[in-house]
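Heads up: the structure comes next, in C-alpha cells.
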Amino acid sequence: MNETHPNPPVPAPENEPVYVPRADVRESAEGFTVVADMPGADEKSVEATVQNRVLTIEGWTKAEKPQGHEELGREFGAGRFRRDFTLPDAVDPDRIQARVKNGVLTVSIPKKDEVKARKIQVTG
Amino acid sequence: MYELTIGPRNPWTVFDELESIQADMNRILSGAEAPRFARRARPAYPPLNVWASADGLVIDAEMPGVDPQDVEVSAVGDELSLRGKVNAQEPAEGETVLRRERPAGEFQRTLQLPFRANTGAVKATFKNGILRISIPRSEEEKPRKIAIEAN
Numbered sequence: 001m002n003e004t005h006p007n008p009p010v011p012a013p014e015n016e017p018v019y020v021p022r023a024d025v026r027e028s029a030e031g032f033t034v035v036a037d038m039p040g041a042d043e044k045s046v047e048a049t050v051q052n053r054v055l056t057i058e059g060w061t062k063a064e065k066p067q068g069h070e071e072l073g074r075e076f077g078a079g080r081f082r083r084d085f086t087l088p089d090a091v092d093p094d095r096i097q098a099r100v101k102n103g104v105l106t107v108s109i110p111k112k113d114e115v116k117a118r119k120i121q122v123t124g
Numbered sequence: 001m002y003e004l005t006i007g008p009r010n011p012w013t014v015f016d017e018l019e020s021i022q023a024d025m026n027r028i029l030s031g032a033e034a035p036r037f038a039r040r041a042r043p044a045y046p047p048l049n050v051w052a053s054a055d056g057l058v059i060d061a062e063m064p065g066v067d068p069q070d071v072e073v074s075a076v077g078d079e080l081s082l083r084g085k086v087n088a089q090e091p092a093e094g095e096t097v098l099r100r101e102r103p104a105g106e107f108q109r110t111l112q113l114p115f116r117a118n119t120g121a122v123k124a125t126f127k128n129g130i131l132r133i134s135i136p137r138s139e140e141e142k143p144r145k146i147a148i149e150a151n
C-alpha cells in the first residue's frame with residue numbers, strides 16, 4: 001500500500017497544528033490493517049473516509065489544561081491528525097471497518113474475494 | 001497559518017531519560033524565564049506535558065495504545081517513575097508488516113520533582129491514550145501562614 005503525499009490540510013479551527021499520525025500497516029491473506037496513533041482522540045472525533053481509492057484518516061484532540069495551573073513544559077501538543085493512504089485495487093471499500101481504542105485508530109480493509117489466495121485442490 | 005508536522009512525531013527511544021523537564025523545573029523554581037522545550041533529536045518516551053500549581057503538579061503522558069494495566073506509576077519522595085510496555089504484541093501469524101512507525105517495547109522514565117510528593121495522594125487516570133497523573137505536595141512542604149502573636 002502506498003502512501004500519498006499528504007494533501008494540503010484543510011485549515012484547522014483556531015490555527016491548530018496538523019500532525020501526521022504514526023502508523024503501522026500489516027497485510028494478511030484477508031486484507032490490510034492500518035493502525036494509527038491518535039492520542040487524545042475518541043470515537044466522536046475520529047473519521048475514516050474512502051474516496052477514489054484514497055483512505056483518509058482524521059482525528060481531533062483538545063488540550064485539556066488543568067484548572068488553576070501554570071504550564072511548566074510541553075513535549076506533545078493537541079490539534080488535528082490527518083493522513084492519506086492509497087489503497088490497492090484489490091480491496092473492497094464497502095467493507096472497511098474502523099474502531100478507536102486507547103487513542104489508537106485501527107482500520108480493517110478486506111481484500112476482494114477474487115484476489116484472495118485460494119488453495120486449488122489437485123486431483124489425480 | 002498552521003504548522004504541519006511531517007513524519008513520526010516521537011521517534012522511539014528506549015532509555016532516554018529525564019533532561020529538559022528537570023532543567024526547566026529548576027529554572028522555574030529559581031525564578032528564571034519560562035521554560036522552553038528544546039527540540040531534541042531523540043525525545044524520551046513517553047512525551048510529557050507538565051503543569052504546576054501551589055498544591056502540586058499535573059503531568060500528562062502521551063501513550064496511545066498502551067494498556068493501562070501495563071503501566072506502573074510510582075512516586076517515592078521527590079521522584080516519579082513511569083514504566084511499562086507498549087505495543088509489545090507480535091503480529092498475528094500469516095501477517096506481514098508493511099510499515100512500522102509506532103513505538104514498541106518497554107519504557108521507563110523517571111522525573112525529579114521540585115518537591116517531595118504526598119505519595120499517598122498521587123492519582124493517575126487514563127483516557128484515550130493519555131495518562132494524567134496528579135501529584136500533590138507533601139503537607140510539610142506546603143507554604144504556611146504564620147500567625148503573629150501579639151504580646
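As you go down the protein sequences, you meet chains A and B in turn. Our numbering puts the first residue of the first sequence at 1, with every later residue one more than the last. Our numbering puts the first residue of the second sequence at 1, with every later residue one more than the last. From the three backbone atoms N, C-alpha and C, an ideal C-beta is built for every residue, glycine too. Treat the numbers as computed from the prediction; the structure is a model and nothing was measured.
According to DSSP, residues forming a beta bridge with residue i
i, result
"Gly56/B", "Ser53/B, Pro136/B"
"Asp185/B", "The requested residue 185/B is not part of the displayed model; chain B covers only 1 to 151."
"Thr106/A", "Val35/A, Arg99/A"
"Arg82/A", "Glu58/A"
"Lys24/A", "As written in the sequence, residue 24/A is Asp, which differs from the Lys given in the question. In the DSSP output, where bridge partners are listed per residue, Asp24/A has Val35/A, Arg100/B."
"Phe126/B", "Leu131/B"
"Lys111/A", "Val91/A"
"Leu111/B", "Leu80/B"
"Leu48/B", "Ala61/B"
"Ser74/B", "Ser81/B"
C-alpha gap between residue i and residue j, whole angstroms
i, j, result
"Thr33/A", "Asp92/A", "13 Å"
"Ser74/B", "Lys142/B", "21 Å"
"Ile148/B", "Glu140/B", "20 Å"
"Glu114/A", "Ile120/A", "14 Å"
"Pro103/B", "Glu95/B", "19 Å"
"Gly51/B", "Pro114/B", "According to the sequence as given, residue 51/B is Trp; it is not Gly. So the alpha carbons of these two residues sit roughly 12 Å apart."
"Pro136/B", "Gln89/B", "35 Å"
"Val58/B", "Arg144/B", "22 Å"
"Ala41/A", "Glu106/B", "24 Å"
"Phe154/B", "Asn151/B", "With chain B running from 1 to 151 in the structure shown, residue 154/B is simply not present."
"Asp70/B", "Ser81/B", "14 Å"
"Thr49/A", "Gly124/A", "48 Å"
"Thr56/A", "Phe81/A", "10 Å"
"Pro64/B", "Arg118/A", "37 Å"
"Ile96/A", "Arg132/B", "33 Å"
"Val104/A", "Glu101/B", "13 Å"
"Trp60/A", "Asp60/B", "17 Å"
"Pro91/B", "Arg53/A", "25 Å"
"Ser134/B", "Ser53/B", "11 Å"
"Ala117/B", "Gly77/B", "6 Å"
"Asp89/A", "Gly84/B", "40 Å"
"Pro8/A", "Glu70/A", "Bear in mind that the predicted position of Pro8/A carries a pLDDT of just 45, short of 50, making it unreliable; the figure below should be weighed with that in mind. Approximately 34 Å between the Cα atoms of the pair."
"Ala34/B", "Asp55/B", "With a pLDDT of only 49 at Ala34/B, under the threshold of 50, the placement of this residue in the model should not be trusted, and no figure is reported."
"Arg26/A", "Val66/B", "19 Å"
"Ala29/A", "Gln108/B", "36 Å"
"Lys111/A", "Ala63/A", "38 Å"
Proximal residues of chain C, C-beta to C-beta of residue i below 7 Å
i, result
"Pro66/A", "In the structure shown, chain C cannot be found, because the protein chains are A and B."
Query raised in the report: Do the segment 42–56 of chain B and the segment 73–90 of chain A meet, that is, are 3 or more Cβ pairs less than 8 Å apart?
Result: With a cut-off of 8 Å, the segment 73–90 of chain A and the segment 42–56 of chain B count as touching, because enough Cβ pairs lie within range.
Report task. Report the residues of the segment 68–83 of chain A with a CB closer than 7 Å to any CB of chain B, ordered along the chain. Result -> Residues Gly68, His69, Glu70, Glu71, Leu72, Gly73, Arg74, Glu75, Phe76.
Requested in this report: Give, in chain order, every residue of the segment 90–111 of chain A whose Cβ lies closer than 7 Å to some Cβ of chain B.
Outcome: Taking a C-beta cut-off of 7 Å against chain B, the contacting residues of the segment 90–111 of chain A are Asn102, Gly103, Val104, listed in chain order.
Query - At least 3 beta-carbon pairs within less than 8 Å: the segment 36–47 of chain A vs the segment 93–108 of chain A - result: Yes: at least three Cβ pairs fall under 8 Å.
**Report entry** Positions along the segment 106–118 of chain B whose CB lies within less than 7 Å of some CB in chain A
**Finding:** Taking 7 Å as the Cβ-Cβ cut-off against chain A, none of the residues of the segment 106–118 of chain B qualify.
Requested in this report: Name, going along the chain, the residues of the segment 129–146 of chain B whose beta-carbon falls closer than 7 Å to a beta-carbon of chain A.
Outcome: If the cut-off is 7 Å between Cβ atoms, the segment 129–146 of chain B has Gly129, Ile130 near chain A.
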